[in-house]
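A quick write-up on the structure given underneath.
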Amino acid sequence: MGERAMDLICALLKSLSSSAIVTLDQLKNGFYRVFEEMPEISIDVPHAYTMLEKFALKCEKEGFIPNDVLKNLPSRGRKRFVSEGDGGRVKDDVY
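For the record, in the sequence shown the residue sitting at position 61 is 61 according to the UniProt record's numbering, with numbers rising by one throughout.
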């Protein structure tokens with residue numbers, strides 16, 4: 001998602017919110033649904049977490065998303081390349 005697309009979507013959501021077409025609860029629920037689906041979304045869109053964070057911060061800055069939504073913003077978990085407890089060694093696939 002480019003910067004212009006982000007600005008336009010943010011402006012649309014702000015307009016819908018200010019005209020009471022979409023309530024604050026509906027906006028929050030929409031964000032929370034996206035938050036729940038982020039692991040699946042990030043499979044197809046590798047930078048999805050970064051883009052979501054940038055978009056949510058922009059929406060909060062515009063004043064129509066409360067700070068409590070940002071507190072629930074998911075972050076990408078750390079990648080594990082070796083199993084825990086193996087001393088940092090890479091496991092061989094020798095049978």
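We put the beta carbon where it would ideally sit given N, CA and C, even for glycine. Quantities reported herein were computed from a predicted structural model and do not represent experimental measurements.
- Linking F64 to V45 through their CA atoms gives a straight-line distance of about 26 Å.
- Under the criterion of beta carbons closer than 8 Å, M38 and L52 qualify as touching, at roughly 7 Å.
- Check the Cα spacing between N72 and each of K61, I41, R33 and E40: the tightest is with R33.
- Counting C-beta atoms within 10 angstroms of its own C-beta, A11 has fewer than 16 neighbours from the protein chains shown and is therefore classed as exposed.
- When the alpha-carbon of L70 is set against those of D7, M6, T23 and F35, the nearest one is in F35.
- Distance between L13 and G2, taken at the CA atoms: about 17 Å.
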